[in-house]
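Taken in order, these protein sequences are the chains called A and B.
Sequential numbering of the first sequence, starting at 0, is according to numbering that gives the first Met the number 0.
Sequential numbering of the second sequence, starting at 0, is according to numbering that gives the first Met the number 0.
Each residue gets a CB set at the ideal place from its N, CA and C atoms; glycine is no exception.
One structure is given below, encoded as structure tokens.
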Amino acid sequence: MPIVCAERLSKTYRVAQKQPGLGGTLRHFFWRRSRAVEAVRELSFSIEPGEMVGFLGANGAGKTTTLKMLSGLVHPSGGSLQVAGHRPQRRQAPFLQKITLVMGQKQQLIWDLPPLDSFRVNAAVYGLDDSEAKRRINELAEMLELGEELTRPVRKLSLGERMKAELLAALLHRPSLLFLDEPTLGLDVNAQARVRTFLADYNRRYGATVLLTSHYMADITALCPRVLLIHQGSLFYDGSLEALTQRLSPCRMVRLELKTPLPAPALAAYGQVEAINGREVRLLIERNQLTGTVARLLGDLEVLDLEVADPPIEDLIGQLFQKGVVS
Amino acid sequence: MKGIQAIRIARVLLSSQYAYMLEYRAEIALWALSGVVPFIMLALWSQVDASGGSPGTLGLSRLQLGRYFLSAFIVRQFTIAWVVWAFEEDALQGRLSHALLQPLHPLWRYLSAHLAEQATRLPFVAVLVGLFFLLQPDTVWLPSLAQALTALLAIWMAFAINFLLQSAIAILCFWSERASALERLLYIPYLFLSGLMAPLEVFPPAVRAFALWTPFPYMIAFPAQLLSGNPLTFSGAFAAMAGWIALLLPLVGLLWRAGVRRYSAMGA
């Protein structure tokens, strides 16, 4: 039975419209005008317990609005929504006990106090007794590699330490459903990797369901076997990342290291020349011709090394939105 | 079990908010200092009503006037509400989202923050009261236990009215992004009708009668009268305060349920 079930989910916001300049300001003062913006349009999907699903889409695609509706922060304008057996917008206590929403740009920790003070508040609010709270804090702190940072004021923590402490605060009540909106935003590569490892670990250990949005494709590729691609509020794709890559790119990328450099025209016969850097060459070759072309390359040219890979998913999705392929 | 958990939540919220407020103790001291309007008014009224020990045009002796304004200062210090500004900022910045996703009504957090702030304010107020007594030693008085307890109850109820009134306005920021502007509208009648600028007896009977239909005189004048030990000019004030609380409490609940549907988690 799905833990998340959205059917024709929609959200329309009214957005004030104002022209720039004094004239626009005066007009706006006397004749306030607004327009309806469809942030999410008839979105339907379901998620099984324990799945890790990535939300992909350009800025303004409707990812965050969807997460806000799933967590009960925002009331949907239309459609139906069941999350963990509840209607999220009613925000009943049993529902709130099961979920958490982590927003990379917003913090819940009390800024001037050490994270432990915020954890104490959360533990009391979620009905954990002192010994259980302490046990969970220690367990999560170990998983997140947090130590003396927990006794330093939040304002004195680095961004990475703060994010880890935010995660601890958000997961203290051990939710079975995690909504993560850009959880690695602004973190350095090492901190991103640690957060990713932690999330995978949490998912494995507690069987939690994770819905994640991130602009860092590494988060999605490392954590989410399934992705939902949203464009202009509608669902464009629902499936595995591999299948999405195949759908977006009919080609695979072949990286070659040649014994001697060759000019682009000499390589064009094998596929689309993506880049030449001295003896290193990148070719895009259609999937159905891959085996034959690789055999020809190895036969015709003096190849020192060869690697076949999918083009970076970031590039594919970036191209997708730039070219307006989705419509 | 629920009662025990509620007590635990209250204890933890209050202690963490108190720790937070102590970080801002200098700011809170300045806020306490900025609440000296009753002392300024005392100086003004003392000039107007320089009638020595016997009741003057205000119907109060110099001593009674001094005790009234000192009491008004104390009452004001412990009935101040700022929930509208805190709530508005949290709503506009999206910080309210986290509170909305926890199984505790967000207004409890603001209430605990207010109570913690009052506890932080207490020593500064004590110092200012001490200074007042040092400058005007003849005004020193010690209310009886019964007097102090009834005054404390009145102060607590006055705070409840102020907090609920501001909460109702704060919730309006689900509709209008600048709910604090609405609060400003209430500030002027509060200033004049609460007894902060002058004892209510100064006003013409019609204005006074009108004021008693508003919650404002119960926010300062009535608790201040109780605390100062001056002759009581209110009748049925506790019932009126209970009535205002009974009216505002469901109103806040109603506004909350309607307003939260409009929340768009801006900035989050």
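Would you identify the three-state DSSP class for residue i, choosing helix, strand or coil?
i: I229(A); result: strand
i: M218(B); result: coil
i: N276(A); result: strand
i: C223(A); result: coil
i: A115(B); result: helix
i: Q135(B); result: coil
i: Y236(A); result: strand
i: S263(B); result: coil
i: T78(B); result: coil
i: R193(A); result: helix
i: Q81(A); result: strand
i: T151(A); result: Going by the sequence as given, residue 151(A) is Arg instead of Thr. Here R151(A) sits in coil by DSSP.
i: F233(B); result: coil
i: F173(B); result: helix
i: F54(A); result: strand
i: Y12(A); result: strand
i: L171(A); result: coil
i: S76(A); result: coil
i: D129(A); result: helix
Nearest to residue i by alpha carbon, out of the options?
i: L282(A); options: P311(A), Y269(A), T290(A) and A5(A); result: Y269(A)
i: R32(A); options: P224(A), T24(A) and A38(A); result: T24(A)
i: L225(B); options: C172(B), I170(B) and A157(B); result: A157(B)
i: M196(B); options: V36(B), L32(B) and I6(B); result: V36(B)
i: F191(B); options: K1(B), L164(B) and A210(B); result: A210(B)
i: G49(A); options: Y12(A), P224(A) and A207(A); result: A207(A)
i: Y23(B); options: F38(B), T119(B), L62(B) and Q63(B); result: T119(B)
i: G228(B); options: S175(B), A147(B) and G258(B); result: A147(B)
i: A190(A); options: S157(A), L21(A), S70(A) and T11(A); result: S157(A)
i: L171(A); options: R135(A), N202(A) and R251(A); result: R135(A)
i: G59(A); options: R40(A), P262(A) and A192(A); result: R40(A)
i: L121(B); options: L231(B), E87(B), L184(B) and F77(B); result: F77(B)
i: I109(A); options: R173(A), G77(A) and P152(A); result: P152(A)
i: A57(A); options: L186(A), Y215(A) and Y12(A); result: Y215(A)
i: A236(B); options: I73(B), I154(B), L62(B) and F68(B); result: I154(B)
In angstroms, rounded to a whole number, what distance separates the CA positions of residue i and residue j?
i: A145(B); j: I219(B); result: 19 Å
i: F132(B); j: V139(B); result: 6 Å
i: S70(B); j: P142(B); result: 11 Å
i: G126(A); j: P75(A); result: 29 Å
i: R161(A); j: S60(B); result: 60 Å
i: L184(A); j: E131(A); result: 31 Å
i: L240(A); j: L222(A); result: 11 Å
i: L243(A); j: D237(A); result: 8 Å
i: E182(B); j: P214(B); result: 14 Å
i: D180(A); j: G159(A); result: 16 Å
i: A217(A); j: H104(B); result: 37 Å
i: W107(B); j: V3(A); result: 30 Å
i: L66(A); j: P87(A); result: 11 Å
Taking only beta-carbon positions, decide if residue i is within less than 7 Å of chain E.
i: L100(B); result: Going by chain labels, chain E is absent from the structure shown, which instead holds the protein chains A and B.
Given the structure, does residue i come close to the ligand SAM, in the sense that its CB is under 6 Å from one of the ligand's heavy atoms?
i: F94(A); result: Among the components of this structure there are no ligands whatsoever, and the ligand SAM is therefore not found.
**Report entry** Members of the segment 154 to 180 of chain A near chain B, C-beta cut-off 7 Å
**Finding:** none
Report task. Say whether the segment 223 to 231 of chain A touches the segment 81 to 90 of chain A, bearing in mind that this needs 3 or more beta-carbon pairs closer than 8 Å, one atom from each stretch. Result -> no
Query raised in the report: Is it true that the segment 250 to 268 of chain A meets the segment 94 to 112 of chain A, where meeting means three or more beta-carbon pairs spaced less than 8 Å apart?
Result: no
Report task. Would you check if the segment 81 to 101 of chain B and the segment 239 to 247 of chain B touch, i.e. whether three or more CB-CB distances between them fall below 8 Å? Result -> Output reads no: the segment 81 to 101 of chain B does not touch the segment 239 to 247 of chain B.
**Report entry** Contacting positions in the segment 4 to 22 of chain B - beta carbon closer than 7 Å to chain A
**Finding:** Q4, R7, I8, V11, L12, S15, A18, Y19 and E22
Query raised in the report: Counting pairs of beta carbons, one from the segment 274 to 291 of chain A and one from the segment 1 to 16 of chain B, are three or more of them closer than 8 Å?
Result: Contact fails: fewer than three Cβ-Cβ distances are below 8 Å.
Query raised in the report: Using a beta-carbon distance cut-off of less than 8 Å, what residues from the segment 154 to 171 of chain B approach chain A?
Result: The segment 154 to 171 of chain B vs chain A, Cβ under 8 Å: nothing.
Query raised in the report: What residues in the segment 100 to 122 of chain B bring their beta carbon closer than 8 Å to a beta carbon of chain A?
Result: Across the segment 100 to 122 of chain B, CB contacts with chain A closer than 8 Å involve L100, Q101, P102 and L103, in sequence order along the chain.
Query raised in the report: Quick check: the segment 198 to 208 of chain B against the segment 246 to 259 of chain B, are there 3 or more CB pairs under 8 Å?
Result: no
Requested in this report: Check distances from the C-beta atoms of the segment 181 to 200 of chain A to those of chain B and list, in chain order, the residues that come in under 8 Å.
Outcome: Going along the segment 181 to 200 of chain A in chain order, one finds no residue with a Cβ nearer than 8 Å to chain B.
Query raised in the report: If you measure beta-carbon to beta-carbon, which residues of the segment 125 to 139 of chain A are closer than 8 Å to chain B?
Result: Y125 and G126
Requested in this report: Would you list, in chain order, the members of the segment 245 to 264 of chain B that have their beta-carbon closer than 9 Å to a beta-carbon of chain A?
Outcome: Within the segment 245 to 264 of chain B, the residues whose Cβ lies closer than 9 Å to some Cβ of chain A are V259, R260, R261, Y262, S263 and A264, listed in chain order.
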